[in-house]
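Chains as they are written, first to last, in our numbering: chain A, 1 to 545; chain B, 1001 to 1512.
A short worksheet on the structure shown next.
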Amino acid sequence: MTALLESIGYANWALHALIWLPVLGMGLVLWAEEEQAKTVAFWWSMGVFVLSLGLWWAFDAGYGGMQMESVTPWIESWGVSYSLGIDGISLFMVMLTTFSTSIAILGSFNYIKTRQRAFYALMLLLEAGVIGVFVATDLLLFYVFFELTLVPMYFIVGIWGGERRIYAAIKFFLYTAFGSLLMLVGIMYLYFKAKTFLGVPTFAWADLLQIPLTGPEQLWLFSAFALAFSVKVPVFPLHTWLPDAHVEAPTPGSVILAAVLLKMGTYGFLRFLLPLFPVAAQHPTVVMTMLVLAVIGIIYTAWVAAVQPDAKKLVAYTSVAHMGFVVLGIFALTVNGIQGGLIVMISHGISTGALFLLLGMLYERRHTRVIEDFGGLGRVAPLLATAFVITALASIGLPGTSGFVGEFLALMGAFETHPIIAIIATLGVIFAAYYMLPMVQKIFFNKLDKPENREVKDLSGREVAVLAPLVALMIVIGWHPTPILDRMEPSVRAVLERVENASTGMADGTSDPVPALSEESAEGFEPAAARSQESDADQALVSGE
Amino acid sequence: MTLDFSRSLHYWWALLPEIVLCIAGMVVLIAGVSGKHAGAARGDGEDAPAGQGNELGWIALMGLLATAAVNGWLYGVTEVGTDSMIAVDGFRLFANWVFLLGAALSILISFGYVYRQKLQVGEFYALILFATAGMMFMAAARDLIVVFLGLELMSIAVYALTAFNRRDRKSAEAGLKYFLLGAFATGFLLYGIALVYGATGSTNIAAIAQAIEAGAASERLLVVGVAMLIVGFGFKVSAVPFHMWTPDVYEGAPAPVTAFMAAAVKAAAFVAFLRIFVVAFEGVHDSWAGIVWWLAAITMIVANLIALVQSNVKRMLAYSSIAHGGYLLVAITAANQTAAAGLLFYLLIYTLMNIGAFAIVIGVSYHSEQRQHVEDYAGFGWAQPVLGVFLTIFLLSLAGFPGTGGFMGKIYLLQGAADAELWTLAVILVLTTIASYWYYLRVAWFMWMRPATAEAEHAGVVTPFPMQIALVICVALIMYTGLFPGAALDFARESVAGLGNLGDTMLGMTGR
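If you want it as structure tokens, here you go:
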């Protein structure tokens, strides 16, 4: 397989193709007949997914830095480049994106009945934007993609959503934009520092890592970036947009939102927050704040979820709880914690995505999402019930499912550094059972006492095709996560090394030249600025005095 | 060719674009009152024959094109020294492109409007050309007197344009209001010029800068004069608290004129503002930067907050235009090379997106002054998908969203603020931008997410061919500058290279 990929130069064009093929597909979908749009969109997204599978083999599991890098100048006078790259952290996010987009499109065949061309075109645009977020290695390019994902999602929620769709769409948009615009000021500050320090303007991630920042500067920038990402994750108490958006969004919108859009926040933590501001990121107050917020998110939203009458809203709240585990894992600042967080990200994408799809299927059959309206469905729709139960168990984190691996590692990682926090967070796993199992029971197992429920049809062939890969992945990752963990580990270690190497310049507020990401990855990151403009840099330093 | 202004003949060469434009304006004016156009659109209740007056519009566009050609020719000209009354530098020429583009787009979108409203086309187009000539004088001026002349030429033409629809009471009211307040502001400006002259002994920008540099200026007199100038310009760029006239005037004026005012007139005021303050008053930056800082801050905050509650789209765009003025004031406060280039670039983008948005507003309102409420846009996107997508792009660009030119413009302004370390202003800029998302997206949500109130209401929205040209130009350039801004950015950057003392700072960083 590796040889085949090499023979077609896969590593050179794969990342570009993954961004631009969906955009091309968007044109095709708009050009197609209204009735054909969904078929075109599905097969196109499948093609993109198959293409992304190649990353698994083309990726060098032993190397922690950026791979398949390509740098093309974009806006030269600002030092912005169209530069892409992938490492163990983004690899799985990209694959998760292509996978869940295909699944979401297939799952929306019956749900989306109006303006189909526009809908599928927006789905593909969203896919392009999200992949762009995960592979961009230039801060401004990242920001462009990060913001760009808002527009298609805004329209998907606002046009095809439920009753209060406009409210939900605008709330989603304003909340996320609020965070990211403050991050933009932070990006500008980094640009300014880069220009002062390196002598040339640059937004390249690798170059920005070289800038020495004082402790207070790091704290400010950390706050700006953390706010942007925390809204996206969402971290308690910035999560209030999420239940609204999830409930009002059409099923495929919810799937994408849960499966990948939330991950852009936690991905941002790992890609930018920790490496760029290592001193702030390990400051005890900062770490404690993030951990406590994560734990509150886990416990509080579990309780809120438990009392929701609306099944979709319940699942929406579980999202916040799951993402709490991710944040917990990341700010444990241990290899286990971060790897656990990453597995939770994948697992949550699969299991919550599947839950939203299942609820969408129930809604298509019964036109209600209120838990009390169901009952005893297991007898009339055994396949649906089986899929739901497995998914719910994976969501709870039962051993043998993907959820367990992730939450266990995240909690273990947190226990290594903050045992008390970890112990409290463990309660969240119990609470997860407390809100999830009654819902399963009420929908599928109680008496089949409502006549409408007797008419519910079991899964169709297409629906089985949607759910089977999801369920299979939950179990496969649950039993055999090693290949995934192996590919993540070097990159996770590189992030942690960078955080640990940043000696505590915090106390006296003096700056220290932060060491490069790691020995080996530093070679790959010959700073673009230093390459071309060394003499200018010297001049600037001289004239700056 | 080298221009040596010790010979007065060379001023003719330097002013060639303005001269060509004035001649074109007169040609349009005379053509409008002669021959078959004489009786055009008198407003006696009869429909004018189709196409009436279109020739005059095309003549005016040809005039603008010829002016643009001459403007391009001036790039081959070098001047001796920088103390002449008329500047021949990149800054002026770039600004001229913006004005000419704004005027051409405004004319293109007014074909249907002047026909439906039975306006006197000859005078209408001629006044736009004269106003544009005034703007070009303002951009070229290296002497406060020339600034004043240009400003008056522009303003008087625009006063008339505002009140042009004499059958519309709102238009007349707007014209009178604009004229009275404008005259008042001009008084401030003139008084400021007089005081600056008193303090420094010259009205020449270079001479003023030298006098300040040499410490020969009377400090107190100068500061009062500078403050007066800020008031005068604050009025023209409609900075809060001198913005009171703007919403009424923008709402009352004929829609194409509003587009022209919001884009080109504002651009001219900013260009003159920047040149005077950055070149002449560079030495007293500390005494005026604080005032402009506050103007920028409250303009951004107040305009964006008031725009939130506007439900008339034209009025909303008026407040949005005030808000954009606030963003541009950030560049004036920063007063470094990046900020100056950012200001030029932003003016270009702003002209495109603003006139584009107005073009669709004119279309939706059936080329008249009705159907301007945001509710009238319900279902518009699905009824007219192309126009809907275009308006969405314009709105996203106005909101400064990635992928559009508006985003690049905003980034450039933020870079200018960053270089001057104006972090508070930068934060205010982005926070008020979030407020602006609300009112721009509101139009988008009415367009795409609400069903149309009446089935056929959007069928009456027609876009004449010239307006289609304007829309395609606007969208194409906005997307182009949003995706590949490099060329336009470098052009803007090179254009400010010769401006004052900014050119010699390393990488646009001022030592301040």
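Ideal Cβ placement from N, Cα and C applies to all residues, glycine included.
Just so it is clear, the structure is predicted and the values come from calculations on it, not from any experiment.
Cβ distance (whole Å) where residue i is taken to contact residue j below 8 Å
i: A:K38; j: A:F145; result: Not really, about 25 Å apart at Cβ, beyond 8 Å.
i: A:F225; j: A:L261; result: About 18 Å; that fails the 8 Å criterion.
i: B:G1482; j: B:F1407; result: 6 Å
i: A:A548; j: A:G64; result: The question about residue 548 of chain A has no answer here: the residues shown for chain A are numbered 1 through 545.
i: B:A1519; j: B:R1142; result: Outside the displayed range of chain B (1001 to 1512) lies residue 1519 of chain B, so it cannot be described from this structure.
i: B:A1140; j: B:R1092; result: 5 Å
Beta-carbon proximity check, residue i vs residue j, cutoff 9 Å
i: A:W57; j: A:L141; result: no
i: B:S1110; j: B:I1362; result: yes
i: A:A280; j: A:F325; result: no
i: A:G79; j: A:Y191; result: yes
i: B:A1357; j: B:F1394; result: yes
i: A:E372; j: A:K313; result: no
i: B:G1063; j: B:V1114; result: no
i: B:L1387; j: B:T1463; result: yes
i: A:L448; j: A:L459; result: no
i: A:V315; j: A:A306; result: no
i: A:T401; j: A:S347; result: yes
i: B:V1224; j: B:L1195; result: yes
i: A:S180; j: A:V130; result: no
i: A:A385; j: A:F444; result: yes
i: B:G1134; j: B:G1122; result: no
i: B:V1278; j: B:L1429; result: no
Amino acids of chain B, ordered along the chain, whose beta-carbon sits closer than 7 Å to that of residue i
i: A:S230; result: In chain order: nothing, as chain B lies at least about 16 Å away.
i: A:M188; result: L1414, Q1415, A1418, A1426
i: A:A177; result: I1434, Y1437
Identity of the residues DSSP links to residue i by a beta bridge
i: B:A1141; result: B:I1086
i: A:D310; result: A:V370
i: A:T72; result: A:Y82
i: A:D244; result: According to DSSP, which records beta bridges pairwise, A:D244 is partnered with nothing at all.
i: A:E497; result: DSSP lists no partner for A:E497.
i: B:E1079; result: B:L1003
i: B:N1312; result: B:H1373
For residue i, three-class secondary structure by DSSP
i: B:S1238; result: coil
i: B:G1409; result: helix
i: A:Y111; result: coil
i: A:E35; result: coil
i: B:L1003; result: strand
i: B:A1255; result: helix
i: B:D1419; result: helix
i: B:D1248; result: helix
i: A:H418; result: coil
i: A:Q67; result: strand
i: A:N547; result: With chain A running from 1 to 545 in the structure shown, residue 547 of chain A is simply not present.
i: A:D538; result: Only weak support exists for where A:D538 lies, its pLDDT of 40 falling under 50; the value from the coordinates is given anyway. Three-state DSSP puts A:D538 in a helix.
i: A:A381; result: coil
i: B:A1267; result: helix
i: B:N1204; result: strand
i: A:T136; result: Note that residue 136 of chain A corresponds to Ala in the displayed sequence, not to Thr. A:A136 falls in the strand class under three-state DSSP.
i: A:A204; result: strand
i: A:P252; result: helix
Within chain B, the residues that residue i reaches when beta carbons sit closer than 8 Å
i: A:G158; result: W1445, W1448, M1449
i: A:R165; result: M1449
Where residue i meets chain D, residues with beta-carbon distance less than 7 Å
i: A:E76; result: This model lacks chain D altogether; the protein chains it does include are A and B.
Chain-ordered chain A contacts of residue i [CB-CB under 8 Å]
i: B:I1023; result: Chain A residues near B:I1023: none, gap ~38 Å exceeds 8 Å.
i: B:R1493; result: S77
i: B:T1246; result: Here the premise fails: no neighbours, minimum Cβ distance about 25 Å.
Within chain A, the residues that residue i reaches when beta carbons sit closer than 9 Å
i: B:D1376; result: Ordered by position in chain A, no residue passes the 9 Å Cβ test against B:D1376, which lies about 17 Å from the chain.
i: B:G1403; result: V144, E147, L148, V151
Within chain B, partners of residue i - CB distance below 9 Å
i: A:I170; result: Y1437, W1438, L1441, R1442, W1445
i: A:F356; result: None at all; the shortest Cβ gap to chain B is about 22 Å.
Residue i: CB within 8 Å of a non-hydrogen atom of the ligand NAP
i: B:F1164; result: With respect to small molecules bound, the structure shown includes none, and the ligand NAP cannot be examined in it.
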